[in-house]
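Residue numbers (the working numbering): 1 to 384. Since the structure comes first, as structure tokens, the remarks are kept for the end.
Structure (structure tokens):
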């Protein structure tokens with residue numbers, strides 16, 4: 001599926017410039033459709049206010065890149081509820097571009113090159129449509145886009161579109177009388193009209209411009225293979241971020257994910273490696289590659305992912321310990337042979353530092369069992 005010929009009604013979430021263009025179009029929108037189930041889509045569906053949102057995902061549950069079914073259910077209950085609380089404060093360095101206000105006023109087309117989206121892409125943006133409600137989200141799971149119709153094409157087709165489902169549990173089928181600029185037919189047979197479409201479907205390594213005439217080693221996922229100093233298979237050529245594939249033997253509790261934060265870590269480390277190589281020296285591998293750690297915010301919850309947080313590559317020989325307090329926190333610890341290998345922390349748990357240390361030092365926790373997550377035991381002090 002491609003939206004290349006529909007630039008006026010489809011927006012890709014690639015750069016800050018496109019976000020600012022999206023913000024401008026959203027002020028005139030009654031309904032939009034978001035396609036994708038990654039981090040940007042998760043943030044976007046919650047941040048948008050005053051506009052109906054049809055969210056199309058090909059998976060059974062939201063955020064499957066980050067969460068298991070239990071965590072997804074915990075978050076979904078927050079998504080479909082009325083949004084009223086204040087935003088949580090971010091206790092970390094913020095990343096943005098210089099002269100952002102000036103950049104927002106710059107005119108250009110959707111092909112303009114711009115800064116990549118960072119963790120703070122929506123800070124300072126007013127993502128509000130024409131309606132007065134906080135947010136209305138409807139999720140269509142296990143489906144993809146089958147066909148897109150412009151207004152006249154849809155009229156000629158004689159097909160019918162559906163109204164926005166008013167009840168999350170009782171989704172009655174009603175024909176939509178409103179005329180929309182664009183209509184989307186899904187593989188589950190449903191058709192919805194909307195003002196425009198947002199494509200937030202993930203990342204593919206953009207290696208095309210570099211492969212022609214060059215003999216790069218390429219990974220199975222299409223990225224340029226790099227060694228533990230971010231060096232490609234060609235002399236003096238380094239790669240970092242989404243374009244590369246980590247081909248070194250990784251730490252047991254680290255994996256590559258094409259996230260902005262990991263790309264930044266790779267870029268910083270690659271620069272160190274290049275500088276050292278230029279004077280005939282070498283550097284030790286950066287500590288950020290010892291343990292996978294990602295901190296973000298979804299649906300106004302602080303989210304911390306550590307190590308093999310979804311038991312990636314651990315097979316069936318692992319144990320999960322869970323603690324969930326509805327509307328407050330969701331905690332999952334992944335153990336193998338009594339040692340913590342990963343964790344998911346949603347909410348203000350204050351456990352990230354303790355769990356990070358437990359994963360890194362590989363202490364045997366077999367004796368503690370489910371008491372490890374007992375809310376009546378202060379494990380921060382216990383394992384200090």
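Idealized CB from N, CA, C, for every residue including glycine.
DSSP, reduced to helix, strand and coil, places residue 311 outside both helices and strands of the structure shown, so it counts as coil. In terms of Cβ geometry, residue 241 and residue 266 form a close pair [threshold 7 Å]. Straight-line measurement puts the Cα of residue 213 at about 48 Å from the Cα of residue 155. In the pairwise beta carbon analysis, the segment 325-345 is classified as not touching the segment 280-290: fewer than three pairs are separated by under 8 Å. Put simply, the backbone Cα of residue 347 is about 16 Å away from that of residue 42. The distance from the Cβ of residue 216 to that of residue 233 is about 6 Å, consistent with a contact at the 8 Å cut-off. CA-to-CA, the gap between residue 150 and residue 24 works out to about 21 Å. Counted as a single uninterrupted DSSP element, the beta strand (DSSP E) harbouring residue 245 occupies residues 244-246.
Going by C-alpha positions, residue 310 is about 42 Å away from residue 159. Just measuring C-alpha positions, the residue of 175, 204, 199 sitting nearest residue 190 is 175. Relative to the Cα of residue 26, the nearest Cα in the group 50, 225, 56, 66 belongs to 50.
Within the same chain, 290 come within 6 Å of residue 251 by CB-CB distance, once the 5 residues on both sides are set aside.
Of 366, 71, 316, 164, the smallest CA-CA separation from residue 192 is found for 164. A Cβ-Cβ distance of about 11 Å is found for the pair residue 365 and residue 341, leaving them out of contact under the 8 Å criterion.
Residue environment analysis places residue 332 among the buried positions, since at least 16 neighbouring C-beta atoms fall within 10 angstroms of its C-beta. In this structure, residue 178 lies away from residue 147, with their beta-carbon atoms at least 7 Å apart. Considering only 372, 308, 44, the residue with the shortest C-alpha distance to residue 322 is 372. Contact between residue 243 and residue 207 holds, with the beta-carbon distance rounding to 6 Å and staying under 8 Å. With a beta-carbon spacing of about 27 Å, residue 293 and residue 34 fall beyond the 8 Å limit used to define contacts.
Taking C-beta separations shorter than 6 Å and ignoring five residues to either side along the sequence, the partners of residue 272 in its chain run 283, following chain order.
Secondary structure at residue 173: coil, using DSSP grouped into helix, strand and coil. When the five nearest sequence neighbours on each side are left out, the beta carbons in the same chain lying within less than 6 Å of the beta carbon of residue 36 are those of 200, 201, in order along the chain. Closest by C-alpha distance to residue 157, out of 183, 139, 144, 145, is 183. According to the DSSP secondary-structure assignment, residue 196 is paired through a beta bridge with 32. When 45, 350, 46, 231 are compared, the shortest CA-CA separation from residue 276 is found for 231. Counting other Cβ atoms within 10 Å of its Cβ, residue 298 reaches 16 or more and is therefore classed as buried. The segment 218-295 contains, as complete beta strand (DSSP E) runs of 3+ residues, the segments 224-226, 244-246 (chain order).
In the DSSP assignment, residue 63 falls outside any alpha helix (DSSP H) and carries neither an H nor an E. According to DSSP, residue 344 shares a beta bridge with 305, 332. Excluding its 5 nearest sequence neighbours in each direction, residue 326 has C-beta neighbours in its own chain below 8 Å: 74, 77, listed in chain order. Looking at the DSSP output, residue 325 sits in a beta bridge with 329. Around the beta carbon of residue 253, 16 or more other beta carbons lie within 10 angstroms, which makes this residue buried. The criterion of a C-beta distance shorter than 7 Å is satisfied by residue 223 and residue 245.
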